[in-house]
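K.L.:
The structure's right below; bear with me while I get my questions together.
Residue numbers (the UniProt record's numbering): 1 to 97.
Right, here's the structure in full:
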């Protein structure tokens, strides 16, 4: 089984300031097909999760450029260059087998 550890689990943020969240896997997430199946979502209270970043570093259509993703193998990071009030939510990481 793949085990993901996300740090920090919660992050105090200030609007206008940067923020980042990291995720580490116990297995390499680079698939033999050359794709990385690691996706970042944002889930706001009472709403369904929104896809932000797919493949570890690709911004989904319509996602503001203040969001970015990086990393490979087992270590990944999602960054927000300037936090806005609408960015608040639970930031789950998803691995797609």
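Backbone N, C-alpha and C fix where the C-beta goes; we use that ideal spot for every residue, glycine too.
Note that the structure is predicted; figures quoted are calculated from it, not measured.
Taking the straight line between their C-alpha atoms, what separation do you get for residue 70 and residue 39?
P.N.:
Distance between the alpha carbons of residue 70 and residue 39: 11 Å.
K.L.:
Taking three-plus beta-carbon pairs below 8 Å as touching, is the stretch 55-71 in contact with the stretch 7-15?
P.N.:
No, the stretch 55-71 does not touch the stretch 7-15.
K.L.:
Using a threshold of 8 Å, state whether the C-beta atoms of residue 63 and residue 13 are closer than that.
P.N.:
No, the Cβ-Cβ distance between residue 63 and residue 13 is not below 8 Å.
K.L.:
Among 19, 28, 76, 23, whose alpha-carbon lies nearest the alpha-carbon of residue 1?
P.N.:
Among 19, 28, 76, 23, the Cα nearest to that of residue 1 belongs to 28.
K.L.:
Looking at the structure shown, is residue 85 part of a helix, part of a strand, or coil, going by DSSP?
P.N.:
In the structure shown, residue 85 sits in a helix (DSSP, three-state: H, G or I).
K.L.:
How about residue 52 and residue 67: are their beta carbons less than 8 Å apart?
P.N.:
Yes, the Cβ-Cβ distance between residue 52 and residue 67 is below 8 Å.
K.L.:
Is the beta carbon of residue 56 less than 8 Å from the beta carbon of residue 36?
P.N.:
Going by C-beta atoms, residue 56 is nearer than 8 Å to residue 36.
K.L.:
For the beta strand (DSSP E) holding residue 42, just list the boundary residues, first then last.
P.N.:
Element bounds for residue 42: 38-42.
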